[in-house]
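Asker: Position one of the sequence shown corresponds to residue 49 (the working numbering), numbered consecutively onward. For glycine and all other residues, C-beta sits at the position ideal for the given N, C-alpha and C. For reference, the structure I am asking about is given below.
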Amino acid sequence: MVKFFSAILPEIEFPDEKISLDEKVIFTIGSGLLFFLSQLPIYGLVKDATLKMADPYPALRPLFALEQGSLLELGLLPIITSAFVWQIAAGLKLINVNFNYAQDRELFQTAQKLTALVLASTFAVALIASGYYNPVLANYSGESVPYGSYALIFTQIVGWNFILNLIAEVIDKGYGFGSGPLCFIAVNAATQLVRDVVGVEAVTAVPDGVPETYGVVTYFIRALFSMELKNIKDAAIGIFARANFPNLPLVLILIATGLATIALQNVRVELPIRSNKARGTANVYPIRLLYTGALPVLFAFTVLANIQLSLHFASIALQPFYPVISKILESRSDAGSVVSGLSFYVSAPASLSESVLSPIRAVVFSSSVLVLATTFAHFWANISGSAPKDIARQFKDQSIIIAGKRDVSITKELSKIVPVAAVTGAFSLAVVALAGELLGSSGNAAAVTVGICAAFAILEDFMMDFQQSGGNSQLMNSLGGFQ
């Protein structure tokens with residue numbers, strides 16, 4: 049079934065020759081710059097459309113890079129969801145795929161792209177059909193159905209989402225460092241954190257509102273430079289309680305989340321190993337606490353995000369025919385926030401006060417994230433080629449044994465550490481992300497957690513290539529010349 053579409057869908061070819069370190073740097077940076085272009089506004093909407101649109105899922109935007117009213121309206125959610133679906137299907141042997149064969153790899157990647165395209169199209173149709181864009185359509189009076197405007201919007205957001213998939217594929221095919229979607233999450237999390245702290249642009253939170261400096265530090269410094277006591281007093285209060293803008297408590301939560309993630313990243317167990325071929329050569333094999341990285345946390349939030357969106361669109365579709373069932377699925381206040389229904393319990397509280405006032409919601413949401421993350425970590429460690437038996441096979445091929453345990457099965461010894469590290473690491477990282485979410489970070493804590501882990505993976509990939517190239521890099525040498 050997939051083979052039919054392989055001749056239709058564009059594809060990034062695998063490199064014919066080894067990509068140099070400098071080329072990988074250029075491809076990675078270039079892909080990041082193209083990702084920034086995704087924030088261009090959708091053509092066909094009124095000016096300042098985002099200020100006039102209802103936001104049904106604000107907490108999902110930071111992690112999945114969902115930029116309201118822009119080409120990134122769907123963000124990375126269809127791409128990430130598709131990747132998880134097919135990787136899990138392959139791991140559970142629901143499909144017969146051998147990654148040692150080029151044809152199977154190509155069909156597998158085509159299946160991911162096709163699924164992402166179908167998901168993007170489904171979400172786009174649901175957004176348009178729900179009336180999400182109606183209040184901000186240019187030259188729309190409400191008298192007739194603007195099919196032309198709908199088609200234009202659909203083409204833009206689905207078309208760019210597919211282009212974004214191809215950009216991510218450039219990195220995944222070995223032209224860049226790390227994973228394409230994770231690279232974009234890291235870039236988005238880093239830029240958003242910098243913008244929250246020192247963003248210099250003046251924006252408004254409501255139509256025709258008074259512009260305010262976005263960054264919390266810049267906002268306060270600007271008030272100090274005004275030399276007016278009233279402005280300084282208002283700013284001193286505002287940095288702690290600004291509505292619809294970053295505030296100091298949010299920044300501190302994100303910094304604490306980042307530091308905790310970095311601390312977990314550095315926790316590891318080092319197994320002493322030695323080679324039977326090179327006598328006297330001793331080394332260590334590190335097993336990190338975050339054995340599966342940020343994938344379990346990303347998987348948990350991806351599942352809950354898809355459930356939230358499905359419940360939201362199903363509630364809107366059923367409202368005219370079955371209002372009672374619609375309210376069971378989701379019920380919103382006049383301000384647009386979820387106040388009851390199934391969707392209420394699978395979404396993060398917007399503030400600490402909501403977490404305290406709705407303890408059942410906080411417990412259900414937290415339990416869902418923890419169960420999904422730990423289950424995925426245990427499952428992923430066994431199917432991703434990094435299970436104890438896989439590592440033991442590598443040791444055997446390289447004539448490596450665990451020092452002091454010649455007669456002990458390497459697989460048995462690794463089985464005591466790897467599954468524990470995978471599950472414990474996923475649980476710990478999920479707790480860090482949940483702590484920020486329950487305190488009211490509105491998705492930013494999860495984005496920082498996943499983004500930092502992704503950045504470490506990219507850095508490790510870069511350092512490995514740098515060492516293999518013997519430090520021979522024109523770009524690094526050029527940068528060193530400025531010191």
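(1) Let me know the secondary structure DSSP gives arginine 316 once reduced to three states.
(2) Scan the segment 320-380 and note each continuous beta strand (DSSP E) run of 3 residues or more that stays entirely inside, going in chain order.
(3) Mind reading off the beta-carbon distance from alanine 271 to glutamate 260? Whole number of angstroms is fine, and I expect it under 8 Å.
(4) Would you kindly check if the distance between the Cβ of valine 480 and the Cβ of threonine 497 is under 9 Å?
(5) Tell me the DSSP secondary structure of alanine 102 in three-state form.
(6) Mapping DSSP to helix, strand and coil, what is valine 261?
(7) Is there contact here, the segment 423-441 with the segment 486-503, by at least three beta-carbon pairs under 8 Å?
(8) Assign aspartate 455 to buried or exposed, taking buried as 16 or more other Cβ atoms, counted over all protein chains shown, within 10 Å of its Cβ.
(9) Which same chain residues, not among the five before or five after methionine 49, have their C-beta less than 8 Å away from its C-beta?
(10) Can the beta-carbon of valine 133 be found less than 9 Å from the beta-carbon of threonine 163?
(11) Mind listing, in chain order, the continuous beta strand (DSSP E) runs of no fewer than 3 residues lying wholly within the segment 102-173?
(12) If you follow the alpha helix (DSSP H) that serine 197 is in, where does it begin and where does it stop?
(13) So which of Asn292, Ala102, Glu121 and Ala410 has the shortest CA-CA distance to glycine 18?
(14) Three-state secondary structure (DSSP) at proline 407?
(15) Between which two residues does the beta strand (DSSP E) holding valine 254 run?
(16) Exposed or buried, which one is aspartate 220 when buried takes at least 16 other CB atoms within 10 Å?
(17) Along the chain, where does the beta strand (DSSP E) that runs through valine 386 open and close?
(18) Measure the alpha-carbon distance for serine 490 versus leucine 108 and round it to whole angstroms.
(19) Quick one: Cα of isoleucine 310 to Cα of phenylalanine 288, how far?
(20) Identify which residue in Leu88, Tyr223 and Phe84 has its Cα closest to the Cα of aspartate 509.
(21) At what residues does the beta strand (DSSP E) containing isoleucine 67 begin and finish?
(22) Would you decide whether glutamine 516 is buried or exposed? Buried here means 16 or more other CB atoms lie within 10 Å of its CB.
(23) Determine which residues share a DSSP beta bridge with isoleucine 448 and list them.
(24) Alpha carbon to alpha carbon, how far is asparagine 295 from tyrosine 149?
(25) CA-CA distance, glycine 484 and serine 399?
(26) Hey, how far is the Cα of proline 183 from the Cα of serine 54?
(27) How long is the line joining the alpha carbons of asparagine 236 and valine 248, rounded to whole angstroms?
(28) Quick check on alanine 284: does DSSP put it in helix, strand or coil?
(29) Relative to the C-alpha of valine 242, which candidate in Gly306, Ile408, Phe171 and Pro63 has its C-alpha closest?
(30) Per DSSP, what are the beta-bridge partners of proline 89 in this structure?
(31) Give me, in chain order, the residues of the same chain whose beta-carbon lies closer than 8 Å to that of alanine 503; leave out the 5 immediate sequence neighbours on both sides.
(32) So the alpha helix (DSSP H) glutamate 508 belongs to, where does it begin and stop?
(33) Run through DSSP, which three-state label would leucine 477 get?
(34) For leucine 486, count neighbouring Cβ atoms within 10 angstroms of its own Cβ and tell me buried if that reaches 16, exposed if not.
Answerer: Well, looking at it:
(1) strand
(2) 330-336
(3) At roughly 10 Å, the Cβ-Cβ gap does not stay under 8 Å, so alanine 271 and glutamate 260 are not in contact.
(4) yes
(5) coil
(6) Looking at the sequence itself, residue 261 is threonine, so the reference to valine does not match. In the structure shown, threonine 261 sits in a strand (DSSP, three-state: E or B).
(7) no
(8) Here the model assigns aspartate 455 a pLDDT of 49, short of 50, so the residue's position is not dependable and the matter cannot be decided.
(9) none
(10) Against a cut-off of 9 Å, the Cβ pair of threonine 163 and valine 133 comes out as a contact.
(11) List check, beta strand (DSSP E) in window: nothing returned.
(12) 195-218
(13) The first residue shown for the chain is 49 and the last is 531, placing residue 18 beyond what the model contains.
(14) helix
(15) From DSSP, valine 254 is part of no beta strand (DSSP E); its letter is neither H nor E.
(16) Around the beta-carbon of aspartate 220, 16 or more other beta-carbon atoms lie within 10 Å, marking it buried.
(17) Its beta strand (DSSP E) spans residues 386-388.
(18) 8 Å
(19) 26 Å
(20) Tyr223
(21) Isoleucine 67 -> no beta strand (DSSP E), and no H or E assigned at all.
(22) exposed
(23) Ser323
(24) 52 Å
(25) 10 Å
(26) 39 Å
(27) 17 Å
(28) In the structure shown, alanine 284 sits in a helix (DSSP, three-state: H, G or I).
(29) Gly306
(30) Ser118, per the DSSP bridge assignment.
(31) Ala234 and Ala238
(32) Note, glutamate 508: alpha helix (DSSP H), 492-516.
(33) helix
(34) buried
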